[in-house]
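Scroll down for the structure; my scribbles are underneath it.
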Amino acid sequence: MKKGRIRKSITLKLFISTAIFFIIFITAQLVLQSFFFQSFYTSKKVNTLKNNLEFLERKYRITFKNAEGSIAVIKKFEENNNAKVVVLENNGLLSYITDTKEEFKDSNKIRIIKAIIEEWTSNPEAFKNLQEKGKTITYIFNDPYYNLKHIVAIDPVVINNNVGKVLFAVSSLQPVDEAVKVMKEFFIYTYIIAIILILLLSTIYSKMISKPLVKLNKTALKMAKFDFDEICEGNTEDEIGNLGNTLNFLSRNLKEALSSLQESNKKLKKDIEKEKELESMRKEFVASVSHELKTPISLIEGYAEGIKDDIMDEEDKEYYIDVIIDEARNMGVLVADMLELSKLESGTQKINIKPFIIDDIINNEVKKLNKINEDKNNEDKVNILVDLQKEVVVLGDEDKIHQVITNFLTNAIKYTKPKGKIYITSKIYKDKLLIEVENEGENIKDKELTKIWDKFYKLDKSRNRSLGGTGLGLAIVKNILKLHNSEYGVCNTNRGVKFFFTLNKKKD
Numbered sequence: 000m001k002k003g004r005i006r007k008s009i010t011l012k013l014f015i016s017t018a019i020f021f022i023i024f025i026t027a028q029l030v031l032q033s034f035f036f037q038s039f040y041t042s043k044k045v046n047t048l049k050n051n052l053e054f055l056e057r058k059y060r061i062t063f064k065n066a067e068g069s070i071a072v073i074k075k076f077e078e079n080n081n082a083k084v085v086v087l088e089n090n091g092l093l094s095y096i097t098d099t100k101e102e103f104k105d106s107n108k109i110r111i112i113k114a115i116i117e118e119w120t121s122n123p124e125a126f127k128n129l130q131e132k133g134k135t136i137t138y139i140f141n142d143p144y145y146n147l148k149h150i151v152a153i154d155p156v157v158i159n160n161n162v163g164k165v166l167f168a169v170s171s172l173q174p175v176d177e178a179v180k181v182m183k184e185f186f187i188y189t190y191i192i193a194i195i196l197i198l199l200l201s202t203i204y205s206k207m208i209s210k211p212l213v214k215l216n217k218t219a220l221k222m223a224k225f226d227f228d229e230i231c232e233g234n235t236e237d238e239i240g241n242l243g244n245t246l247n248f249l250s251r252n253l254k255e256a257l258s259s260l261q262e263s264n265k266k267l268k269k270d271i272e273k274e275k276e277l278e279s280m281r282k283e284f285v286a287s288v289s290h291e292l293k294t295p296i297s298l299i300e301g302y303a304e305g306i307k308d309d310i311m312d313e314e315d316k317e318y319y320i321d322v323i324i325d326e327a328r329n330m331g332v333l334v335a336d337m338l339e340l341s342k343l344e345s346g347t348q349k350i351n352i353k354p355f356i357i358d359d360i361i362n363n364e365v366k367k368l369n370k371i372n373e374d375k376n377n378e379d380k381v382n383i384l385v386d387l388q389k390e391v392v393v394l395g396d397e398d399k400i401h402q403v404i405t406n407f408l409t410n411a412i413k414y415t416k417p418k419g420k421i422y423i424t425s426k427i428y429k430d431k432l433l434i435e436v437e438n439e440g441e442n443i444k445d446k447e448l449t450k451i452w453d454k455f456y457k458l459d460k461s462r463n464r465s466l467g468g469t470g471l472g473l474a475i476v477k478n479i480l481k482l483h484n485s486e487y488g489v490c491n492t493n494r495g496v497k498f499f500f501t502l503n504k505k506k507d
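Here the sequence shown is numbered in numbering that gives the first Met the number 0, starting from 0 and rising by one per residue.
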């Protein structure tokens, strides 16, 4: 797998293609120079010598009667072209040759010039052919003694439409041969250095080009896995930079679209769950209402039939009638609570917020409970302890808060152990008043602490009618406190259970 990735690496592909291209280019250049430089240089040298000799011929034609002028022109030609010039008469006799003593000391040069002239004059038709052609002749002369090559250029000097003289220019090719030999040896080192540089530069170039592409690919792969945090960083303004910017733009749009889709899915999921919860609550509500109404209806029906059949004495009949009245009253309370809860949950219930002193409500309710408490047996009596902040003015609907306090105290009385205590306290909490009602008794199981605010939820699973209540009290309290933006709750304590809620204080 790793080997496959290496083969497909764009960095490697760029490196190989770049290196091969430049290696072929350098190799071709060196091969062309090695095989064709000498012939190209020789051809160039021949043409240059030929053109310059033709120019010399025109000057010599003008100055040949002036010996000094002719010699000066020839010497300048020899210096500029690194060549030796010989002038022959049309009869083959030597008219001019370099006359410096140094030149004549070099017997080899004299020998070569002599050999060239002898070779050319050995052909009796040479002058005739030269005159007929009337143009410069060039060829390469091979020295058999030293195996050296010389360029020979022969140009006729036409005087009065006749070849009066012949200019011979001889230039050695030995420096070229030596240079080519040295150059071929030098090419070996040049080629090795060039290969090293090509490999180094190809590595740098391939990484420089492939790095942003690898980054783009990395970003695209993360996008494919729904990870849109990777950003293509690059300041180039070329196509790769534009592609990176486009990919970043696409990533942001996809991230926003996916986030929006996820939010929509969450909302849809919540709506579905809420719908299921509402359906479950509806079914539970119907079942609870049916259960709550079943008992009083059965009692009313049974006692009514007994009265109709007139099967009891007057004392029993009066008892039956009292039971029917009590159960009808209980049903009325249940219906009233259901209507109130419905208004609170639907938002149609309005509350009348105004300042009032909550101490009075609590103290009055405690007096009522103490009165009821006095009528109980000593074993069932409870002790209510009150510790309130005096004369604290709060903001709220006085009637609704009265209903909340009554419910909390009624529940506290109901679940306080025999001869237990109920603690009612209030504390200043920032700009709020915290009211707490705590009773001594059994703790509520943790899993039931949040459920007690639900409709028809009772801690007594048997729904014992002796405890009274419709099961809607705390649900009504919860909605009332929500309308007051109150912080409310219930918790277990070392002594029992504590209910609490807050109300905003009136600002001074």
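Just so you know, even glycine gets a beta-carbon here, dropped at the ideal spot from N, CA and C.
Owing to the predicted nature of the structure, the values given are computational and were not obtained by experimental measurement.
- In this model, L220 and K349 are separated by some 57 Å (Cα to Cα).
- Taking the CA atoms as reference points, A125 sits about 19 Å from N141.
- Secondary structure note for T424: its beta strand (DSSP E) is the uninterrupted segment K420 to Y428.
- Residue environment analysis places E300 among the exposed positions, since fewer than 16 neighbouring C-beta atoms fall within 10 angstroms of its C-beta.
- Residue nearest to N493 within the set Y428, N438, D453 and F499 is N438 (criterion: CA-CA distance).
- Separation of V85 and F186 (C-alpha to C-alpha, rounded to the nearest whole angstrom) is 39 Å.
- Ranked by how close their Cα comes to the Cα of A335, the residues T449, L471 and D359 have L471 in first place.
- Within a 10 Å sphere around the beta-carbon of E326 sit 16 or more other beta-carbons, which makes this residue buried.
- A distance below 7 Å between beta-carbons, with the five flanking residues on each side excluded, links K83 to the following residues of its chain, in chain order: E77, T97, K108, I112 and V169.
- One alpha carbon belongs to I194, the other to P211, and they sit about 27 Å apart.
- For the 8 Å CB-CB criterion, I323 and A303 form a contact.
- In the DSSP assignment, T137 falls within the unbroken beta strand (DSSP E) covering I136 to D142.
- With a 10 Å radius around the Cβ and a threshold of 16 neighbouring Cβ atoms, N410 comes out buried.
- When N363, Y190, V213 and Y487 are compared, the shortest CA-CA separation from S33 is found for Y190.
- Taking a 10 Å sphere around the C-beta of I116, we find 16 or more other C-beta atoms and assign the residue as buried.
- Counting only the Cα atoms, D312 lies some 47 Å from K450.
- With respect to the 8 Å criterion, I208 and L13 are classified as neighbours on the basis of their beta carbons.
- In this structure Y145 is exposed. Its beta-carbon is surrounded by fewer than 16 other beta-carbon atoms within 10 angstroms.
- The stretch 341 to 392 is shown to contain whole beta strand (DSSP E) runs of 3 or more residues at 353 to 356 and 382 to 386, in chain order.
- Under the three-state reduction of DSSP, Y487 is assigned to strand.
- The criterion of a C-beta distance shorter than 8 Å is not satisfied by L432 and L480.
- According to the DSSP assignment, I15 belongs to the alpha helix (DSSP H) that extends over I9 to T62.
- In the DSSP annotation of this structure, the continuous segment of the beta strand (DSSP E) that includes K497 starts and ends at G495 to N503.
- Scanning its chain for C-beta atoms nearer than 8 Å, with the 5 sequence neighbours on each side dropped, one finds no residue around E184.
- Between the beta-carbon of F500 and that of S485 there is about 5 Å, and that keeps the pair under the 8 Å contact cut.
- Here the C-alpha atom of K307 lies approximately 26 Å from the C-alpha atom of S289.
- Per DSSP, K221 has no beta bridge partner at all.
- In summary, V181 is exposed, with fewer than 16 beta-carbon neighbours lying within 10 Å of its beta-carbon over all protein chains present.
- Of the other Cβ atoms in all chains shown, 16 or more fall within 10 Å of the Cβ of I421; this residue is therefore buried.
- In the displayed model, I434 falls within a strand according to three-state DSSP.
- With contacts defined by Cβ atoms closer than 8 Å, I443 and N478 do not form a contacting pair.
- D445 carries a helical assignment under DSSP once its states are collapsed to helix, strand and coil.
- Segment contact: the stretch 12 to 30 against the stretch 43 to 52, fewer than three CB-CB distances shorter than 8 Å; contact not assigned.
- I150 is bridged by DSSP to I139 and S170.
- In terms of Cβ geometry, I423 and V385 form a close pair [threshold 8 Å].
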